[in-house]
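Encoded as structure tokens, the structure appears first; notes follow it.
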Amino acid sequence: MANQMNQGFNSQFASSRTSRRRFIGGSAAAAAGFALSGSFLAACGSNGTTNSSSSSAPPPDDGKPASGSLRISNWPLYMADGFVAAFQKASGLTVDYKEDFNDNEEWFAKNKDPLSRKQDIGADLVVPTQFMALRLKGLGWLNEISDTRVPNKKNLRPDLLNDPGDPGRKYTAPYMTGMVGLAYNKAATKRDIKTIDDLWDPAFKGKISLLSDMQDGLGMIMQSQGNSVSEPTMDTVQKAVDLVREQKEKGQIRRFTGNDYADDLAAGNIVVAQAYSGDVVQLQADNPDLQFVIPESGGDWFIDTQAIPYTTQNQHAAEAWIDYVYDRANYAKLVAFTQYVPVLSDMTDELNKINPKLATNPLINVPDADKARLHAWAALTDEQTQQFNTAYASVTGS
Amino acid sequence: MAGAASSNRQRSKIAPYLMILPALAYLAIFFVIPFWSLFRTSLSTSGGSVYLPTLTFAWDFANYGQALTAYQDQIIRSLTYAFSATVISLVISYPLAYAIAFKSGRFKNLLLGLVILPFFVTFLVRTLAWKTILADDGVVVHTLGSIGLLPSDGRLLSTSWAVVGGLVYNSMTFMILPLYVSLEKIDPRLLEASKDLYSSSFRAFRKIILPLSIPGVLAGSLLVFIPAMGDFINADYLGSTQTTMIGNVIQKQFLVVKDYPAAAALSFLLMAMILVGVLSYTRALGTEDLV
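Okay, here's the thing in structure tokens:
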């Protein structure tokens, strides 16, 4: 019995070092604080002034090397040990590295007012998910990243370079990509999970978790209904929301989660979860029964990107950081820790130097057959994002 | 002489106002102004840009109607959970506070310390610990299952039971301490007198201890009920998709949907319900003067 308890505690803490988005729940507590302070105060002011320019020009380049200090705001557990120190040594810059980016929408709710007034947000470089980065770009709140200051940009995967939302990657520098699929505990399911329909198996009643993020949660469900995430409409989104609502009312869905599904999956409270690939690679180390699968009807990609807010205090230092990250040898160290899919091309050699298992792991070095089943969401208009979020929140938040 | 005396008197008249000034300023800045702007938001219409909406004050009472109809399930659930948590907490805490106040002797301080001890651990961690304790494959569920108290596929985590349990656990100290204070103040000579008059112990409890501890019951109930009504952490971690409370809805509306008027209207509805509950409760217990 004591052993069981220990396992429970261990899994709780083991998973606490796993994943990058898992503090969403914790941040909810903090969010409660600011929801009652800044957010609505700001909301009540007459802050409806939108910066209509679509981008900001970076400060003129004086050609001098970066100096001073750099403040980075990244997701929790998204950094390799010793990486920041190595960068400081190589660049001579001082880095204030904070893991305070917990949730895209909450980050936006907290920072949009200072950003709209062009006030410092305490970070010179942030790592939002692509949809959020493109929203910031659309609001004119991002600085252009200088190509000459980031020569290693040439290492970027060509497919990422030509993103329709940011052609040539002038404003958003991909940091990690990952797959959104299904994770399951094979010891508990006693069978393979292959399709979205498997989620609705009565045997798993109350043991399923879905992601509360609209794109990550609905993407694979829309695809299972024969719809595409690259051309989403209110109808196709609503159809997916209706299915989720039906299953929720049946008691099939236990929770809508951020990264905190990892705890429940490890503890056996959840047997099949919508999940991020990197989390599962790390969880497998503790529990070999855990599997990650891309549903037959398709899963989706997410891309987290480095971006420089127009309130940055040190543009050149931020660019120096991106350039350092884009060095293949440096980047391999990051991938070895985060276990997500590299955004740089030809990483096999560098990954092999660290651990040959990395390069052969299909969740890090994704086979073409799997890639064919993965799709990325279209860049949504502001109105679409709002409508889709509202539709999904009517199920997840009630 | 006369002039000095009158200026002294004047000073003593001003002094109390000066003394409340810091607290008054604090309340004005951090309570009245946000409260007022939240109220205005709740009656505003939202328009313009999606991400930086312009809120126009428009006496839009429809926000309240919509919030009430859309989320009545969550409102009723929050009331039920908060009420249950308060009653359960009272039933568990009263005997404990009684024992500490009257029967603990030299262990009194130790016991009080133990009551407060869990609060040395942060709220979130304590709640997460319950996830481990109540886990589907955990000891508690297995034990209850094996003695037939839970059906074989039954669970505790992610049920209403777990949410109410979490609310009770996280708020019990706030019930125990006021109860203890009111019980501890009771003069033991009153009990001795009742014995001299051949009262039974139960009668002494009913006629002396219970009435004199009502202020503690009242204070404890308010300290448990009010935070429980607006809580969303317990429902988030210990509950399921079927146990969301009004706090979860408000959080989602503020941070994800960003429908500030709806969120503000819900917040006001929540405050109104708490106010009505508190007023009728204090009236029923006949201790208005204590609040």
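Chains as they are written, first to last, in numbering that gives the first Met the number 0: chain E, 0 to 397; chain Y, 0 to 290.
Beta carbons: idealized from backbone N, C-alpha and C, even for Gly.
Any beta carbon from chain E within less than 9 Å of residue i's own beta carbon?
i, result
"Arg154 (chain Y)", "yes"
"Asn108 (chain Y)", "no"
"Phe60 (chain Y)", "no"
"Tyr80 (chain Y)", "no"
"Asn324 (chain Y)", "Because chain Y in this structure spans residues 0 to 290, residue 324 (chain Y) falls outside the shown range and cannot be described."
"Lys12 (chain Y)", "no"
"Gln307 (chain Y)", "Here chain Y comprises residues numbered 0 to 290, so residue 307 (chain Y) is not present and cannot be evaluated."
"Leu254 (chain Y)", "yes"
"Val134 (chain Y)", "The sequence given here has Ala at residue 134 (chain Y), not Val. It does; some Cβ of chain E falls within 9 Å."
"Leu127 (chain Y)", "yes"
"Thr172 (chain Y)", "no"
"Ser159 (chain Y)", "no"
Where DSSP assigns a beta bridge to residue i, which residues make up the other side?
i, result
"Ser208 (chain E)", "E:Arg254, E:Ala272"
"Thr44 (chain Y)", "Y:Thr55"
"Lys97 (chain E)", "E:Ser72"
"Ala182 (chain E)", "E:Ala272, E:Phe291"
"Trp300 (chain E)", "E:Met178"
"Val125 (chain E)", "E:Ser72, E:Ala306"
"Val340 (chain E)", "E:Thr176"
"Asn110 (chain E)", "The partner list for Asn110 (chain E) (beta bridge, DSSP) is empty, contrary to what the question assumes."
"Leu373 (chain E)", "E:Gly298"
"Thr171 (chain E)", "E:Ala306"
"Leu155 (chain E)", "E:Leu343"
In terms of alpha-carbon separation, which member of the options lies closest to residue i?
i, options, result
"Val394 (chain E)", "E:Leu343, E:Leu210, E:Leu350, E:Asn313", "E:Leu210"
"Val256 (chain Y)", "E:Phe82, E:Gly396, E:Thr93", "E:Gly396"
"Leu217 (chain E)", "E:Pro201, E:Asp234, E:Ala335", "E:Asp234"
"Gln252 (chain Y)", "Y:Leu155, Y:Ala69, Y:Lys12, Y:Ile28", "Y:Ala69"
"Arg116 (chain E)", "E:Asn388, E:Phe387, E:Thr310", "E:Thr310"
"Gly81 (chain E)", "E:Val280, E:Ile207, E:Phe336, E:Pro294", "E:Phe336"
"Ala262 (chain Y)", "Y:Ser88, Y:Asn7, Y:Val167, Y:Val248", "Y:Val248"
"Ala272 (chain E)", "E:Ala392, E:Ile293, E:Ser344, E:Tyr96", "E:Ile293"
"Asp73 (chain E)", "E:Thr389, E:Val324, E:Glu98, E:Ser90", "The sequence shown places Asn at residue 73 (chain E), not Asp. Considering only alpha carbons, the answer is E:Glu98."
"Asp197 (chain E)", "E:Gln251, E:Ser145, E:Pro231", "E:Gln251"
"Tyr97 (chain Y)", "Y:Ile87, Y:Val86, Y:Leu111", "Y:Leu111"
"Asp258 (chain Y)", "E:Gln290, E:Asn351, E:Pro355, E:Ala390", "E:Ala390"
"Phe127 (chain Y)", "Y:Met270, Y:Gly285, Y:Asn233", "It is Leu, not Phe, that sits at residue 127 (chain Y) in the sequence shown. Comparing Cα positions, the closest option is Y:Asn233."
"Glu104 (chain E)", "E:Ala79, E:Asp95, E:Tyr96, E:Met131", "E:Met131"
"Lys193 (chain E)", "E:Lys238, E:Tyr183, E:Thr171, E:Asn364", "E:Tyr183"
"Leu156 (chain Y)", "Y:Lys194, Y:Thr85, Y:Leu149, Y:Ala134", "Y:Ala134"
"Thr242 (chain Y)", "E:Pro201, E:Asn268, E:Arg253, E:Ala306", "E:Arg253"
"Ala65 (chain E)", "E:Tyr77, E:Phe86, E:Pro75, E:Leu76", "E:Phe86"
"Phe60 (chain Y)", "Y:Leu268, Y:Met244, Y:Phe231, Y:Ala283", "Y:Leu268"
Consider the Cβ of residue i: report whether some Cβ of chain Y lies at a distance smaller than 9 Å.
i, result
"Thr49 (chain E)", "Low local confidence applies: a pLDDT of 39 at Thr49 (chain E) is under 50, so the model's placement there is unreliable, with the coordinate-based value given in what follows. True, the Cβ-Cβ gap to chain Y drops below 9 Å."
"Phe255 (chain E)", "yes"
"Asp61 (chain E)", "no"
"His374 (chain E)", "no"
"Ala168 (chain E)", "The sequence shown places Arg at residue 168 (chain E), not Ala. Taking Cβ atoms only, chain Y never reaches closer than 9 Å to Arg168 (chain E), which makes this a no."
"Ala266 (chain E)", "yes"
"Thr304 (chain E)", "no"
"Thr395 (chain E)", "yes"
"Asp263 (chain E)", "yes"
"Gly216 (chain E)", "no"
"Gly164 (chain E)", "no"
"Ile71 (chain E)", "no"
"Asp345 (chain E)", "no"
Which residues in chain C sit within 8 Å of residue i, going by Cβ to Cβ distance?
i, result
"Ser145 (chain Y)", "Absent from the structure is chain C; the protein chains it does hold are E and Y."
_To be precise: take each residue of the stretch 38-56 of chain Y, compare its Cβ to all Cβ atoms of chain E, and keep it if any distance is under 7 Å. Which residues remain?_
Within the stretch 38-56 of chain Y, Arg39, Thr40, Gly47, Ser48, Val49, Tyr50, Leu51, Pro52, Thr53, Leu54 place their CB atoms closer than 7 Å to a CB of chain E, listed in sequence order.
*Indicate whether the contact test is met: 3 or more Cβ pairs, each with one atom in the stretch 296-309 of chain E and one in the stretch 366-384 of chain E, closer than 8 Å.*
Touching, yes, given that three or more Cβ pairs across the two stretches are closer than 8 Å.
*Which residues, in chain order, does the stretch 17-36 of chain Y contribute to contact with chain E at a C-beta distance below 7 Å?*
Per Cβ criterion, the list reads Pro33, Ser36.
*Can we say the stretch 151-170 of chain E touches the stretch 191-206 of chain E, given the rule of at least three CB pairs closer than 8 Å?*
No: the two stretches stay apart, fewer than three of their Cβ pairs being nearer than 8 Å.
_Selection of the stretch 221-249 of chain E by Cβ proximity to chain Y, strictly under 8 Å_ = Of all residues in the stretch 221-249 of chain E, only Lys247 place a beta-carbon less than 8 Å from a beta-carbon of chain Y.
*Looking at C-beta atoms only, is the number of pairs between the stretch 41-56 of chain Y and the stretch 107-121 of chain E that lie closer than 8 Å three or more?*
A contact exists between the stretch 41-56 of chain Y and the stretch 107-121 of chain E.
_Along the stretch 92-121 of chain E, where does the CB come closer than 9 Å to a CB of chain Y? Name the residues._
Correct list: Asp102, Glu104, Glu105, Phe107, Ala108, Lys109, Lys111, Asp112, Ser115.
*Do three or more CB pairs link the stretch 15-32 of chain Y to the stretch 266-282 of chain E at distances below 8 Å?*
Taking a cut-off of 8 Å for Cβ pairs, the stretch 15-32 of chain Y and the stretch 266-282 of chain E do not touch, as fewer than three such pairs fall below it.
*Of all the residues that make up the stretch 377-389 of chain E, which are near chain Y by a beta-carbon distance shorter than 9 Å?*
Answer in chain order: Thr380, Asp381, Glu382, Thr384, Gln385, Asn388, Thr389.
*Would you check if the stretch 164-182 of chain Y and the stretch 83-101 of chain Y touch, i.e. whether three or more CB-CB distances between them fall below 8 Å?*
Touching, yes, given that three or more Cβ pairs across the two stretches are closer than 8 Å.
_Under 8 Å, with one C-beta from each stretch per pair, do the stretch 224-238 of chain Y and the stretch 273-284 of chain Y reach the 3-pair mark?_
At 8 Å Cβ cutoff, the stretches touch.
*Are there three or more Cβ pairs, one per stretch, closer than 8 Å when the stretch 335-354 of chain E is compared with the stretch 134-145 of chain E?*
Counting Cβ pairs under 8 Å, fewer than three are found: no touch.
*Please list the residues of the stretch 119-147 of chain E that have a C-beta atom closer than 8 Å to any C-beta atom in chain Y, keeping them in chain order.*
From the stretch 119-147 of chain E, only Arg134, Leu138 have a Cβ closer than 8 Å to chain Y.
*Looking at chain E, which residues of the stretch 70-99 of chain Y have a Cβ within less than 9 Å of any of its Cβ atoms?*
Under the 9 Å Cβ criterion, the stretch 70-99 of chain Y contributes Tyr70, Asp72, Gln73.
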